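Q: Quick one: this structure, given as structure tokens, is what I'll be asking you about.
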Amino acid sequence: MNRRKKSIQIVKSRINKAKAKLSTKKKPKYISKADRAKLAEEEEEEEEENQDTST
32 MNRRKKSIQI VKSRINKAKA KLSTKKKPKY ISKADRAKLA EEEEEEEEEN QDTST
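One rule links them: number in our numbering = place in the sequence shown (from 1) + 31.
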């Protein structure tokens, strides 16, 4: 690989990395299994409280 091609390749890769960093994230943030369980418990408690207050 000649010098010119290598330098162009390096510049292109830097540009692509910068674009990837600036682009919006499509994947949601990872939530651990323990945190998901806590969230589910909190939701169940809220639902129970709502049912108790409505009756």
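From the three backbone atoms N, C-alpha and C, an ideal C-beta is built for every residue, glycine too.
Computed from a predicted structure; not experimentally measured.
In whole angstroms, what is the alpha-carbon distance linking E72 and D66?
A: Using only the alpha carbons, I get a separation of about 10 Å.
Q: For the alpha helix (DSSP H) that contains N33, what are its first and last residues?
A: Unbroken run through N33: none, as it is neither H nor E.
Q: For I46, which of helix, strand or coil comes out of DSSP?
A: Here I46 sits in helix by DSSP.
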